[in-house]
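Here the structure is laid out as structure tokens; the discussion comes afterwards.
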């Protein structure tokens, strides 16, 4: 049974620990690919084209929008960011589970375009934990923390439209649970139509 | 995060090894309940009411149909068989994942009635393996084997309407995979609405 990978869209409040969980997931399991975004902003020192981002000109980006080459795109602080479809499709075909980290609105847009995409929302064990984690970093002012909590409050409205939620209490355990959840998607009947068709055909041949 | 269990509807060709896989699953994991069917047939020696079946009269069974007390029902060799909703609901509320073993048509009927039910079809690694397994038992005539293969052929048509397929190559491994798949269903956003609502409310309270 050989299957295409799944397109996994992961979201979560700032401070919930998505980065740490994904790091643990990638370190302990093979077969994952991280979706590389295209952007019109300039590379920062150390950033490599095709690894951290695909760096493209504004003209090229607008052409990509025009040609429907992007799964989703958005504009932040005057720069475009988007997910090139071709890269994601190639990785899926190669059998990788592709992880795309993106906020709620982008995620729901992708689901409209790619109904088989799996939307996963990472939540803290409680709202109080999130506040503690944001405070515990010790790098943010109270004002920034309140702003982030308010942002979380707004984002939370969309969570019930996701397919799955996952609770990050401990990053390594959460990574294991995330892995189990993602691997289970390979068992979807829709992802195995060619295997099902082969069994159907062979059964027919064997009863002739 | 406390969740209701999931209703798991498991189907598979005769000879695919559902019984062995479920035995291994139940022996190695807690939190599963097997749905107990109601029937109008007489108990066989050793069969216990409420354990193997709920043995009921024909009048009582027809009343259950009338009152919509059954998730599905069918008639075999002049006797009724059906799945009492109340028993399944109670086990789900208690947090058990309830497994219901049933053929394709019944499974698809349940999905219509209970859209959150998870339909899993157990397949052999190949049509050839199924034939070998049926032959290998050594208890069936060639005619019976051909009949079973033809029946598999008919059943196979509905497989693509299932949510998931699972391949039974090795019973213990298949049980582990099945367990992972079933446990992943607990992470469905739809199964965790009260947890999501609580986080939403608490975030709001913390940013007041």
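Chains as they are written, first to last, in the working numbering: chain A, 20 to 227; chain B, 20 to 227. Every residue, glycine too, gets a C-beta built ideally from N, C-alpha and C.
Taking 6 Å as the limit between beta carbons, can you name the residues of its chain near residue i, skipping five residues before and five after?
i	result
residue 39 of chain B	190
Tell me which same chain residues have a C-beta within less than 7 Å of the C-beta of residue i, skipping the five on either side of it?
i	result
residue 128 of chain A	91
residue 22 of chain A	205, 210 and 211
residue 84 of chain B	92
residue 123 of chain B	30, 174 and 177
residue 47 of chain A	194
residue 37 of chain A	29, 31, 120 and 141
residue 207 of chain B	none
residue 69 of chain B	55
residue 179 of chain B	none
residue 159 of chain B	153
In whole angstroms, what separates the C-alpha of residue i from that of residue j?
i	j	result
residue 31 of chain A	residue 109 of chain A	26 Å
residue 130 of chain B	residue 223 of chain B	37 Å
residue 65 of chain B	residue 155 of chain B	29 Å
residue 194 of chain A	residue 75 of chain B	48 Å
residue 50 of chain B	residue 199 of chain B	13 Å
residue 181 of chain B	residue 150 of chain B	23 Å
residue 79 of chain B	residue 27 of chain B	26 Å
residue 172 of chain A	residue 99 of chain A	25 Å
residue 33 of chain B	residue 167 of chain B	7 Å
residue 145 of chain A	residue 137 of chain B	28 Å
residue 217 of chain A	residue 142 of chain B	12 Å
residue 125 of chain A	residue 43 of chain A	25 Å
residue 134 of chain B	residue 105 of chain B	17 Å
residue 112 of chain A	residue 52 of chain A	12 Å
residue 95 of chain A	residue 226 of chain B	25 Å
residue 121 of chain A	residue 157 of chain A	25 Å
residue 41 of chain B	residue 118 of chain A	33 Å
residue 197 of chain B	residue 132 of chain A	30 Å
residue 71 of chain A	residue 82 of chain A	21 Å
residue 139 of chain A	residue 61 of chain B	49 Å
residue 164 of chain B	residue 170 of chain B	10 Å
residue 55 of chain B	residue 201 of chain B	19 Å
residue 281 of chain A	residue 220 of chain B	Residue 281 of chain A is absent from the structure shown; chain A starts at 20 and stops at 227.
residue 73 of chain B	residue 97 of chain B	17 Å
residue 15 of chain B	residue 203 of chain A	Residue 15 of chain B falls outside the range modelled here, since chain B spans only 20 to 227, and no answer is possible.
residue 107 of chain A	residue 116 of chain A	9 Å
residue 63 of chain B	residue 162 of chain B	28 Å
residue 67 of chain A	residue 87 of chain A	25 Å
residue 147 of chain B	residue 147 of chain A	56 Å
Along chain A, which residues have their Cβ under 8 Å away from the Cβ of residue i?
i	result
residue 211 of chain B	184
residue 200 of chain B	203 and 206
residue 40 of chain B	Residues of chain A passing the Cβ test: none, with the nearest at roughly 14 Å.
List the residues of chain B that residue i touches, going by C-beta distances under 8 Å, in chain order.
i	result
residue 47 of chain A	Under the 8 Å cutoff, chain B gives no residues; its nearest Cβ is about 16 Å from residue 47 of chain A.
residue 221 of chain A	145, 146 and 147
residue 121 of chain A	Result: empty, since nearest Cβ-Cβ is about 17 Å, beyond 8 Å.
residue 215 of chain A	142, 175, 178, 179 and 184
residue 118 of chain A	The contacting residues do not exist; residue 118 of chain A stays about 16 Å from chain B at best.
Who are the neighbours of residue i on chain B, taking C-beta pairs under 9 Å?
i	result
residue 66 of chain A	Simply none; closest approach about 33 Å.
Can you list, in chain order, the residues of its chain with a C-beta nearer than 8 Å to that of residue i? Leave out the 5 residues immediately preceding and following it.
i	result
residue 114 of chain A	21, 22, 23, 24 and 50
residue 35 of chain B	141, 142, 143, 149, 152 and 187
residue 89 of chain B	57, 83, 101, 102, 103 and 104
residue 77 of chain B	59 and 99
residue 185 of chain A	139, 140, 141, 142, 193, 196, 197 and 200
Please compile the residues from chain B whose C-beta is within a distance smaller than 7 Å of the C-beta of residue i.
i	result
residue 181 of chain A	208
residue 226 of chain A	165, 168, 169 and 172
Name the chain A residues that come within less than 9 Å of residue i, Cβ to Cβ?
i	result
residue 28 of chain B	Those do not exist, as residue 28 of chain B stays about 13 Å from chain A at its closest Cβ, beyond 9 Å.
Examine the ligand FMN and report whether any of its heavy atoms sits within less than 6 Å of the Cβ of residue i.
i	result
residue 156 of chain A	Questions concerning the ligand FMN fall outside what the structure shown contains, since it holds no ligand whatsoever.
If we define contact as Cβ-Cβ less than 7 Å, is residue i a contact residue for chain C?
i	result
residue 88 of chain A	Looking at the structure shown, chain C is missing, and the protein chains on hand are A and B.
Positions along the segment 125-145 of chain A whose CB lies within less than 9 Å of some CB in chain B: Listed by position along the chain: 138, 139, 140, 142, 143, 144 and 145.
What are the residues of the segment 146-176 of chain A that lie near chain B, defined by any Cβ-Cβ distance shorter than 8 Å? 146, 147, 149, 150, 165, 168, 169, 171, 172, 175 and 176
Residues within the segment 71-96 of chain A neighbouring chain B, beta-carbon criterion of under 8 Å: Result list empty, no residue passes.
Hey, which unbroken runs of the beta strand (DSSP E) at 3 residues or more fall wholly within the segment 108-174 of chain B? 116-120 and 137-142
Go through the segment 32-75 of chain B residue by residue and report every complete run of the beta strand (DSSP E) that reaches 3 residues or more, in order. For the segment 32-75 of chain B, whole beta strand (DSSP E) runs of length 3 or above, ordered along the chain, are 51-53, 56-58 and 72-74.
Taking the runs of the beta strand (DSSP E) that are 3 residues or longer, which of them lie wholly in the segment 171-208 of chain A? 183-186
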